[in-house]
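Taking it in order: structure first as structure tokens, then the write-up.
Protein chains: 2
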Amino acid sequence: MTVNGELQPAVNGHGEPSTPRCEVCVVGAGPAGLMLASNLVRLGIHTKIIDERPTATSLGRADGLQPKTLETLRMMRLGDNLVRLGTKVYDICMWASTPDGSLVRSGRELHYPAAAVDLLDPYILLCHQGMVEDMFIQDLRFRGVEVDRSTKFSSCSATSAGLSVECKVNGTEDDRELEKVLAADFAADYVVGCDGAHSQVRRMVPEAYAAGTPHDSLWGVLDGEVDTDFPDIWSKTVVHAAAHGSILVIPRERNKTRLYIEIKGGDSSFNSKTLGQEYVMQRASEILAPYRISWRSVEWFGRYQVAQRVANRFVDAATGRIFLAGDASHAHSPKAAQGMNTSMHDTWNLAWKMNLALRGLALPALLETYEAERKKIAHDLIDFDVEHASEIARGDAAALAKNFRKNTAFIAGVGVAYAHNVLNPPDGSLTPLGRCARPGSNPPPAKVMRYIDANPVDIQTDIPALGQFKVFLVVPDLSCEFLATLCSSLSAPTSLISRLTVAARRSYAAKPRTAGPEDDYFCPERYTSISDLFTFALITSTDKSSFEIAHLPPILASSPWTIYLDDAASLDTQGRSCIDKWLGGLSSSEAAIINVRPDGYVGSVRRVESTAAAGVEAAQWMDEYYGGFLQAPW
Amino acid sequence: MTVNGELQPAVNGHGEPSTPRCEVCVVGAGPAGLMLASNLVRLGIHTKIIDERPTATSLGRADGLQPKTLETLRMMRLGDNLVRLGTKVYDICMWASTPDGSLVRSGRELHYPAAAVDLLDPYILLCHQGMVEDMFIQDLRFRGVEVDRSTKFSSCSATSAGLSVECKVNGTEDDRELEKVLAADFAADYVVGCDGAHSQVRRMVPEAYAAGTPHDSLWGVLDGEVDTDFPDIWSKTVVHAAAHGSILVIPRERNKTRLYIEIKGGDSSFNSKTLGQEYVMQRASEILAPYRISWRSVEWFGRYQVAQRVANRFVDAATGRIFLAGDASHAHSPKAAQGMNTSMHDTWNLAWKMNLALRGLALPALLETYEAERKKIAHDLIDFDVEHASEIARGDAAALAKNFRKNTAFIAGVGVAYAHNVLNPPDGSLTPLGRCARPGSNPPPAKVMRYIDANPVDIQTDIPALGQFKVFLVVPDLSCEFLATLCSSLSAPTSLISRLTVAARRSYAAKPRTAGPEDDYFCPERYTSISDLFTFALITSTDKSSFEIAHLPPILASSPWTIYLDDAASLDTQGRSCIDKWLGGLSSSEAAIINVRPDGYVGSVRRVESTAAAGVEAAQWMDEYYGGFLQAPW
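For the record, the sequence lines run as chains A and B. Just so you know, we're using the UniProt record's numbering here: the first sequence kicks off at 1 and counts up by one. Just so you know, we're using the UniProt record's numbering here: the second sequence kicks off at 1 and counts up by one.
Okay, here's the thing in structure tokens:
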């Protein structure tokens with residue numbers, strides 16, 4: 001098993017070849033499945049990704065990337081091209097009808113005002129789902145993995161060695177008349193259903209299906225190039241005409257506009273079959289009157305009824321090997337541009353855990369956190385969405401604005417927070433109020449200066465995602481003794497950190513990460529010089545001129561690209577430094593350790609007096625933390 | 001002649017086909033030639049680009065892009081990938097030997113401190129010349145133009161219709177043994193020699209060659225991956241060891257380092273032939289001692305002696321059809337990372353002028369500005385470079401720093417300024433001190449909010465380069481009468497602006513710009529809705545809520561993507577708005593017009609009281625300005 005994505009014949013107990021085998025079978029090549037496959041393949045996991053559709057998504061479906069998603073993609077060193085080509089939505093407008101029949105703008109404000117939420121990218125990026133998929137497909141292709149298309153997952157069942165998976169492979173579209181259907185069986189350690197709302201994988205997970213709560217309003221969605229004198233089509237805009245219903249306007253890339261158009265429930269003379277494109281266009285004209293609208297071209301038309309549901313199970317309890325993610329595990333309204341984002345973050349959460357599990361470096365507790373963490377987020381999303389969707393339909397601008405303000409950080413994605421568990425233990429020290437580096441949460445964006453090359457960098461994305469934990473040692477004053485005793489304790493061969501490092505080094509030597517097309521430029525080896533499992537980083541407010549990297553303890557001196565200065569040049573517009581934003585400030589006699597998970601969420605935080613004794617204790621605390629979910633089997 | 005880059009048979013007076021013909025023959029496919037060809041082809045000019053080398057530059061040569069170059073590429077919607085992959089140098093370090101033989105760091109500071117120079121990209125971007133060339137080659141390829149390689153320019157001569165060009169085409173490297181040499185003749189309106197220091201085109205321009213001023217020191221250049229304990233290899237660093245000479249360290253992309261190593265003039269026992277790679281490496285070790293240095297790999301080694309010269313002529317006076325640009329017209333030390341940047345800006349300056357000349361929209365005065373403008377810059381560069389190169393060699397840190405500070409804006413490229421001429425007439429109104437929108441200069445970078453979609457944008461790059469003039473109407477208070485009378489005067493069919501617009505529309509209809517690979521996303525048509533020759537833009541500090549784009553005068557209302565708000569959200573870190581930075585502020589009873597040339601340099605500026613009468617006068621002033629170098633022949 002040395003080639004990613006290519007099924008290798010396994011060998012059974014008798015030394016005879018049996019069915020081909022992969023480590024993870026990803027079912028569905030939408031954003032969730034591709035995010036998973038891309039991460040697994042990057043980390044060196046033998047991955048097969050199948051999709052029943054013969055081609056990638058070219059039209060319609062999802063279109064919005066939230067700020068947190070861009071941050072996540074930056075950790076993967078992806079997404080710059082989307083940012084370059086996509087349309088950025090910075091503001092949100094509200095229009096309502098007046099008694100005399102005209103429309104007036106009742107509100108126009110920033111979508112993500114800095115005062116409400118601190119974001120590196122304070123906008124929604126509109127770029128078609130197909131562009132996102134293509135980005136991942138190219139990334140996989142460079143690493144030698146292609147999506148197996150026209151391949152439909154049929155079933156899977158537990159075996160002594162894992163799972164046996166059955167699929168059917170259709171002929172391509174060109175020879176569809178042949179109705180060539182091939183059965184394809186293979187073995188896998190894990191199967192992940194990223195196969196959408198009608199998931200076939202979900203049928204393999206007993207009790208997973210949850211009944212939805214269908215809303216009574218029906219919506220049409222129209223993508224195209226419009227000709228209109230309505231002034232706000234380049235903002236996200238909600239228009240509510242009392243007599244005719246609501247429209248949500250979403251600006252699109254390539255000079256296109258998406259309209260979500262409500263078809264009032266009261267129109268009982270129509271059933272959903274007859275509510276075609278022409279009808280929906282007419283509705284749009286009525287709602288937007290007295291402004292005129294016509295279409296230069298229509299790219300896609302769809303209809304949907306809002307239904308909110310969350311699967312009862314995200315993982316098969318019996319085997320622990322069958323997982324659900326994305327639309328297979330939750331459904332909701334598309335109008336808050338959450339679907340593609342939440343789905344990708346489901347598998348972003350799962351990928352690194354699965355990697356460590358497959359490498360034998362994780363205790364079972366690690367993979368168990370997936371369901372707990374992502375099911376909570378799905379419920380948080382549905383709770384928000386029920387209100388949001390109905391307020392758009394009601395056209396209640398004030399209620400919509402209030403709901404929006406309450407949920408701004410969540411909508412942006414940075415407000416997503418996991419409950420306490422073994423990965424995110426409660427912070428024993430005094431955590432400041434407001435957003436900070438809090439276990440289970442995203443750390444706030446912060447700028448620091450990289451010592452070695454004086455580059456100003458965004459600390460939350462500077463270290464690329466390589467499946468490793470990022471250990472930020474925050475030591476304002478380097479003249480303390482804390483750093484020396486901490487580093488020497490961590491480096492001791494008996495520490496769990498050291499033993500995990502040895503085990504991880506062996507694992508990655510045997511099954512390395514795959515090289516990316518731009519690794520020559522990004523130099524990932526700079527971040528794994530000490531360990532494949534931990535990148536140690538220093539954040540200090542000590543003046544640059546008073547220390548040299550070479551004089552730091554070895555685990556830092558050997559990682560020169562992760563020495564960061566919390567300096568005056570890096571303050572944000574409100575005068576806050578990284579240490580201020582992450583920890584609410586530290587005195588010169590204090591220090592802190594922030595363990596950041598491979599997915600960029602804060603794991604655990606400890607704030608101490610920067611004494612020699614505290615360094616020894618902090619190293620023990622780290623061993624305890626990592627011992628809760630990792631193991632060094634060798 | 002409908003296909004770019006493909007030679008079309010012209011027809012002679014007797015209706016018989018004669019030699020093939022292009023409008024511009026670009027000789028040399030380095031950065032200068034490719035910048036020219038890319039711009040000409042984009043603008044719809046039939047361009048042939050030839051190069052005697054069989055392949056593009058893959059190693060060595062230039063590596064640094066200055067901030068102004070990145071700004072220029074942004075106007076072309078290019079360069080993002082270079083920024084993403086290149087190495088950014090933010091600081092500069094100085095080291096000097098001490099009497100006891102050790103080295104000490106004598107200085108470490110930002111290369112482009114904000115207090116010294118206001119830059120959108122305050123760093124040098126290190127990315128290999130081959131990456132820059134490839135970017136242009138891809139851009140040309142999409143537009144149907146390939147570089148004609150292994151094609152050596154022989155000569156050109158004037159004909160009644162333009163120029164007759166002779167070339168020789170070698171076989172490819174693979175069949176070199178055949179010594180296949182084909183003659184290739186064609187006709188061209190213009191030939192531009194971008195063929196380097198040993199330019200063959202220069203021989204066609206009488207009296208162009210200038211004797212150089214060779215410096216007596218010899219330098220070796222080494223690109224490779226180093227293993228060293230010297231701490232500052234990721235900064236631009238000058239090391240001067242009294243006994244052994246100087247090194248200039250330049251960090252490179254792909255974990256590489258470039259070293260410029262001085263070979264002291266006193267080493268008379270060596271001639272330049274024997275000063276090989278091993279010798280230069282040994283020199284580097286001696287200079288850097290007591291730090292150690294060795295090479296993991298060496299990618300390229302070169303040697304050069306500094307020689308400064310500027311060609312006496314940049315254009316053939318007799319025909320006005322043969323031009324020189326880049327290294328063909330000037331030579332200097334490579335150490336300030338100016339060569340590739342200055343060369344590209346030579347042809348950036350030439351391309352739009354040549355386009356308008358070929359379309360018959362320009363008076364001869366326009367193309368005549370090329371030599372005057374770029375020759376001045378070449379002399380400015382040499383004046384700076386003589387000092388800079390000798391100070392690096394002398395290791396005089398204080399003098400180097402002083403020279404550097406004096407020339408910071410020039411080195412960054414934004415300080416480049418053209419003398420007054422027909423394009424850059426003196427500003428009659430009171431120009432503020434310091435950097436501002438000054439005729440012949442780059443406008444300072446400034447942020448504004450785009451009205452239509454609330455995007456914060458960099459105003460100096462927001463309107464893409466499409467060969468058009470950008471007319472910024474700066475009207476703080478929209479309740480004045482100035483804007484209405486100005487726009488109505490400009491729109492009158494008898495105005496030169498209107499007549500030029502009609503002529504340009506015909507010209508571009510007959511010979512359109514070529515479509516780029518990402519035009520669907522960038523929507524260039526948004527910027528030529530009113531005119532192919534002018535993009536009208538408004539900058540106002542009037543509150544967004546108090547006006548609608550539709551209610552502006554038609555030439556602005558029909559250009560909704562260029563209505564900009566000089567608002568509180570767009571202030572820079574020093575609290576300055578665009579109007580502050582460009583004009584030193586305007587009162588609410590004032591207005592200004594800033595005519596920005598197609599290359600982004602300020603052409604002319606007029607500051608007026610915002611009265612109705614002033615609007616009429618300002619339109620006349622604009623007609624006079626543009627009448628100085630443009631014509632409407634139809």
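From the three backbone atoms N, C-alpha and C, an ideal C-beta is built for every residue, glycine too. All figures in this text were calculated on a predicted structure; none of them were measured in a lab.
- prompt: From the beta carbon of residue 661 of chain A, is the nearest beta carbon of chain B less than 8 angstroms away?
  reply: This structure cannot settle anything about residue 661 of chain A, because the visible part of chain A is limited to 1 through 634.
message: Between A:A550 and chain B, is any beta-carbon pair separated by less than 8 angstroms?
response: If you number the first sequence from 1, residue 550 of chain A lands on position 550. Chain B contact via Cβ: present.
- prompt: Who does A:C578 pair with in a DSSP beta bridge?
  reply: On the first sequence, residue 578 of chain A is found 578 positions in, with the first residue counted as 1. A:C578 pairs with nothing; no bridge assigned.
task: Please classify A:T47: is it buried, with 16 or more other beta-carbons within 10 angstroms of its beta-carbon, or exposed?
output: The residue labelled residue 47 of chain A in the question sits at position 47 within the first sequence. Flag for A:T47 reads buried.
- request: Could you pull the start and end residues of the beta strand (DSSP E) that B:G302 belongs to?
  value: For the purposes of this step, residue 302 of chain B is identified with residue 302 of the second sequence, where counting begins at 1. First-last of the beta strand (DSSP E) with B:G302: I293 to Q305.
message: I'd like to know if the stretch 593-608 of chain B and the stretch 424-443 of chain B are in contact, where contact means that at least 3 CB-CB pairs between them fall below 8 angstroms.
response: yes
- prompt: Can you round the beta-carbon distance between B:W634 and B:A446 to whole angstroms, since I take them to be within the 8 angstroms contact cut?
  reply: On the second sequence, position 634 is the one that residue 634 of chain B refers to. On the second sequence, position 446 is the one that residue 446 of chain B refers to. With 8 angstroms as the limit, B:W634 and B:A446 do not qualify as a contact, their Cβ atoms being about 37 angstroms apart.
message: To the nearest angstrom, how far is the alpha carbon of B:Y418 from that of B:G434?
response: Position 418 of the second sequence holds residue 418 of chain B. Position 434 of the second sequence holds residue 434 of chain B. Answer to the nearest angstrom: the Cα atoms are 16 angstroms apart.
Segment limits, alpha helix (DSSP H) that includes B:L490: Counting from one through the second sequence, the residue named residue 490 of chain B turns up at place 490. Residues F482 to S491.
field: Contacts that B:R254 makes with chain A (C-beta to C-beta distance below 9 angstroms)
entry: Position 254 of the second sequence, counting from 1, holds the residue named residue 254 of chain B. Residues of chain A passing the Cβ test: D520, Y521 and C523.
query: What residue from A:I594, A:D316 and A:T573 has the CA that sits closest to A:P425's CA?
result: Reading the first sequence from its first residue, position 425 is the one you call residue 425 of chain A. When each option's Cα is compared against that of A:P425, the closest is A:I594.
- request: Write down the C-beta distance between B:G79 and B:L85 rounded to the nearest angstrom, noting that I regard them as a contact closer than 8 angstroms.
  value: Counting from one through the second sequence, the residue named residue 79 of chain B turns up at place 79. Counting from one through the second sequence, the residue named residue 85 of chain B turns up at place 85. Not really, about 11 angstroms apart at Cβ, beyond 8 angstroms.
message: Can you list, in chain order, the residues of its chain with a C-beta nearer than 8 angstroms to that of A:S587? Leave out the 5 residues immediately preceding and following it.
response: Residue mapping note: residue 587 of chain A aligns to position 587 of the first sequence, counting from 1. Excluding sequence neighbours, A:S587 sits near P476.
Supposed contact pair B:D185 and B:E166 - C-beta distance, whole angstroms, cut 8 angstroms: Here residue 166 of chain B corresponds to residue number 166 of the second sequence, with the count starting at 1. Here residue 185 of chain B corresponds to residue number 185 of the second sequence, with the count starting at 1. Their Cβ separation, rounded to whole angstroms, is 5 angstroms, which keeps B:E166 and B:D185 in contact under 8 angstroms.
message: Here's the rule: buried if 16 or more other CB atoms are within 10 angstroms of the residue's CB, otherwise exposed. What is A:L59?
response: Working through the first sequence from its first residue, we reach residue 59 of chain A at position 59. A:L59 is exposed by the Cβ-count criterion.
message: Taking the beta strand (DSSP E) that A:M94 belongs to, which residues open and close that run?
response: For the purposes of this step, residue 94 of chain A is taken as the residue at position 94 of the first sequence. Start and end: D91 to S97.
task: Using the Cα positions of B:K295 and B:V226, report the straight-line distance between them to the nearest angstrom.
output: The residue labelled residue 295 of chain B in the question sits at position 295 within the second sequence. The residue labelled residue 226 of chain B in the question sits at position 226 within the second sequence. Inspection of the sequence shows that residue 295 of chain B is occupied by Trp rather than by Lys. Roughly 4 angstroms separates the two Cα atoms.
message: Let's test the definition: count the other Cβ atoms within 10 Å of the Cβ of B:A614 and tell me whether it reaches 16, buried, or not, exposed.
response: Here the question's residue 614 of chain B lines up with position 614 in the second sequence. Per the 10 Å Cβ criterion, buried.
task: Compare the C-beta of residue 635 of chain B with all C-beta atoms of chain A and state if any pair is closer than 8 angstroms.
output: Outside the shown range of chain B (1 to 634) lies residue 635 of chain B, about which nothing can therefore be said.
Contact check, B:G28 vs B:G196, beta carbons under 8 angstroms: Working through the second sequence from its first residue, we reach residue 28 of chain B at position 28. Working through the second sequence from its first residue, we reach residue 196 of chain B at position 196. Taking 8 angstroms as the Cβ cut-off, B:G28 and B:G196 qualify as a contacting pair.
field: Contact set between the stretch 221-232 of chain A and chain B, restricted to residues whose Cβ is under 8 angstroms from the partner
entry: D229 and P231
query: Is the number of C-beta pairs between the stretch 276-292 of chain A and the stretch 96-110 of chain A that are closer than 8 angstroms three or more?
result: yes
task: Alpha carbon to alpha carbon, how far is A:K335 from A:M281? Give it in angstroms, no decimals.
output: Numbered from its first residue, the first sequence carries residue 281 of chain A at position 281. Numbered from its first residue, the first sequence carries residue 335 of chain A at position 335. In a straight line, the C-alpha of A:M281 is about 18 angstroms away from that of A:K335.
Three-state secondary structure (DSSP) of A:Y370: Here the question's residue 370 of chain A lines up with position 370 in the first sequence. Residue state, collapsed to three classes: helix.
query: When DSSP labels each residue in this structure, what does A:W219 get in the three-state scheme?
result: Taking the first sequence and counting its residues from 1, the one referred to as residue 219 of chain A is at position 219. DSSP places A:W219 in strand when its eight states are reduced to three.
message: Helix, strand or coil for B:F629? Go by DSSP, reduced to three states.
response: Translated into the one-based positions of the second sequence, residue 629 of chain B becomes position 629. Three-state result, B:F629: coil.
field: Residues of the stretch 425-456 of chain A whose Cβ lies closer than 7 angstroms to any Cβ of chain B, in chain order
entry: Legend: CB atoms of the stretch 425-456 of chain A lying less than 7 angstroms from CB atoms of chain B belong to residues I452, D453, A454 and N455.
Endpoints, alpha helix (DSSP H) assigned at A:E253: If you number the first sequence from 1, residue 253 of chain A lands on position 253. Unbroken run through A:E253: none, as it is neither H nor E.
Residues that A:A210 bridges to, as DSSP identifies them: Here residue 210 of chain A is taken as the residue at index 210 of the first sequence, counted from 1. According to DSSP, A:A210 bridges with nothing at all.
- request: Consult DSSP for A:R149 and reduce its assignment to one of helix, strand or coil.
  value: Along the first sequence, one-based indexing puts residue 149 of chain A at 149. Note: A:R149 maps to coil in three-state DSSP.
message: Any beta carbon from chain B within less than 8 angstroms of A:R141's own beta carbon?
response: For this step, residue 141 of chain A is matched to residue 141 along the first sequence. No, no contact with chain B.
field: Within chain A, partners of B:D63 - CB distance below 9 angstroms
entry: The count along the second sequence starts at 1 and reaches residue 63 of chain B at position 63. For B:D63, no chain A residue has a C-beta closer than 9 angstroms to its own C-beta; the minimum C-beta separation is roughly 14 angstroms.
- request: Using DSSP bridges, identify the partner residues of A:D458.
  value: Indexing the first sequence from 1 puts residue 458 of chain A at position 458. Paired residues: A:K447.
message: Residues of chain B with CB closer than 9 angstroms to the CB of A:P251, please, in chain order.
response: On the first sequence, position 251 is the one that residue 251 of chain A refers to. Those within 9 angstroms of A:P251 in chain B are D453.
message: On the CB-based measure, 16 or more other CB atoms within 10 Å of its CB, does A:G585 come out buried or exposed?
response: The residue given as residue 585 of chain A occupies position 585 in the first sequence. Residue environment: A:G585 is assigned as exposed (fewer than 16 neighbouring CB atoms within 10 Å of its CB, all protein chains considered).
- request: Could you run through the stretch 77-102 of chain B and flag, in chain order, every residue whose CB is less than 7 angstroms away from some CB of chain A?
  value: Listed by position, the residues of the stretch 77-102 of chain B near chain A (Cβ gap below 7 angstroms) are D80, R84, L85, K88, Y90 and D91.
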